[in-house]
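What follows is a set of notes on a single structure, which appears directly below.
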Amino acid sequence: MLSIAWAPLYAHPLPENHRFPMLKYELLPEQLLREGTVPESAFFVPQPPPEADIMRTHSADYYQRLRAGQLTRHEERATGFPWSAQLFEREVTILGGTLECARRALQSGVAFNIAGGTHHAFRDRGEGFCLLNDQATAADYLLATPAYNVRKVLIVDLDVHQGNGTAAIFQHEPRVFTFSMHGARNYPHRKEQSDLDLPLPDGTDDATYLALLHDTLPRLLEEQQPDFVFYLSGVDVLETDKLGHLTLSRAGCRLRDEFVLSLCHRHGLPVVVCMGGGYSPRIIDIVEAHANTFRVAADLWS
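Each residue of the sequence shown is one higher than the one before, starting from 1 at the first, in full-length UniProt numbering.
Written as structure tokens, this is what we have:
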């Protein structure tokens with residue numbers, strides 16, 4: 001059975017006409033339960049982690065100002081979310097979910113966070129709907145805990161936007177390999193340097209995308225020999241996405257997930273999956289593409 005982090009506060013209230021699709025955090029769990037992909041017992045409500053675990057990755061000054069609501073107006077605008085105490089609670093809970101997923105994946109092979117994949121958050125600032133970097137914090141946590149015996153982490157970031165915050169955080173950390181496959185001309189306009197960046201031209205289709213992924217990921221597993229994988233499975237690669245500029249079909253997106261997750265399963269690599277972005281105008285396109293990721297995993301780890 002899959003293990004899935006989710007809490008009602010994931011669906012945070014936003015101003016009317018805000019472009020971030022918070023509704024998906026309500027609809028996706030409902031869809032997975034209604035169709036029987038997972039039982040209700042698959043879900044667990046995460047808790048905020050100890051502050052020391054957060055400040056292993058994020059600067060104390062930034063974290064304390066974020067908690068106290070003391071970001072400058074420029075810093076707040078860069079995140080894309082109006083600050084509130086409820087928003088802060090949401091962010092630390094999501095981060096705690098990814099940390100708990102990491103512990104669970106070590107036991108069961110795979111775990112999911114319904115949210116997460118906040119890869120635009122840097123050590124000392126937030127950007128692009130990302131305030132705290134959950135996968136980076138969880139990777140640091142695993143590496144800092146000798147009992148887990150994790151010596152090398154691979155982050156597979158297949159969101160359409162480059163994981164700039166994650167790349168910057170681990171720029172000088174050889175124990176974490178960052179791989180980002182993203183739109184070349186998309187946000188962020190100023191890219192950071194991942195260990196491996198594969199920038200894609202606008203209009204990249206299923207065949208081109210999947211061929212590149214098939215050529216790259218098995219080689220990375222062979223070269224890097226990771227002990228643990230974090231997978232960011234953004235669905236903003238879809239042709240329907242208003243921010244993505246690629247042309248993947250829903251079927252192509254599912255084939256992407258099947259390839260990544262089957263490789264992890266075949267190699268016995270524990271993997272944490274976070275949902276990342278998705279901005280299709282029709283919420284059903286977002287929810288269905290995300291649900292496919294869970295369906296694939298449920299088949300593999302049944």
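Glycine residues also receive a C-beta, built at the ideal position from the N, C-alpha and C atoms.
Model, not experiment: these values are computed from the prediction.
Using a 10 Å radius around the Cβ and a threshold of 16 neighbouring Cβ atoms, would you call P174 buried or exposed? exposed
So what does DSSP say about L23, is it helix, strand or coil? coil
How about P49 and T137: do their beta carbons lie closer than 9 Å? yes
Selection from P82, E51, F44 and G109 that minimises the alpha carbon distance to R266: G109
Which two residues bound the contiguous beta strand (DSSP E) that contains Y231? F228 to L232
Distance between K191 and H182 (C-alpha atoms, nearest Å): 11 Å
Quick check on S262: does DSSP put it in helix, strand or coil? helix
Going by beta-carbon coordinates alone, are G126 and L196 separated by less than 9 Å? no
For the candidate residues M55, H58 and A115, whose alpha-carbon lies nearest to that of V45? A115
Going by DSSP, which residues form a beta bridge with C180? According to the sequence shown, residue 180 is Ser rather than Cys. Note: S180 sits in a beta bridge opposite D157 and D197.
Let me check one thing: in DSSP terms, what residues is L238 bridge-paired to? L248
Using CA coordinates, which residue listed in D159, E16 and R185 is at the minimum distance from F179? D159
Could you check whether the stretch 222 to 238 touches the stretch 246 to 262, counting it as contact only if at least three pairs of C-beta atoms, one from each stretch, sit closer than 8 Å? yes
Taking V272 as part of the beta strand (DSSP E), name the residues at either end of that continuous run. V271 to C274
Buried or exposed for Q135, going by 16 or more other Cβ atoms inside 10 Å? buried
Where does N186 fall in DSSP's three states? coil
Flag this pair as yes or no: are the beta carbons of N133 and H189 separated by less than 9 Å? no
In whole angstroms, what separates the C-alpha of T145 from that of A291? 32 Å
N-terminal and C-terminal residue of the beta strand (DSSP E) that F112 is part of: V110 to N113
Measuring alpha carbon to alpha carbon, tell me which of E222, R219 and D206 ends up nearest D257. D206
Considering F294, what are the terminal residues of the alpha helix (DSSP H) in which it resides? I283 to L300
Pull up the distance between the alpha-carbon of H12 and that of L142, whole angstroms please. 28 Å
Whether F294 touches I94 by CB criterion (9 Å): no
For H245, count neighbouring C-beta atoms within 10 Å of its own C-beta (all shown protein chains included) and say buried if the count is 16 or more, exposed if not. buried
Can you tell me the Cα-Cα spacing of H214 and G69, whole angstroms? 44 Å
Just to confirm, is the Cβ distance from L232 to V296 under 9 Å? no
Only counting the same chain, and skipping five residues up and downstream in sequence, which positions put a Cβ closer than 7 Å to that of R104? S3 and A111
Can you name the start and end residues of the alpha helix (DSSP H) that E51 belongs to? E51 to I54
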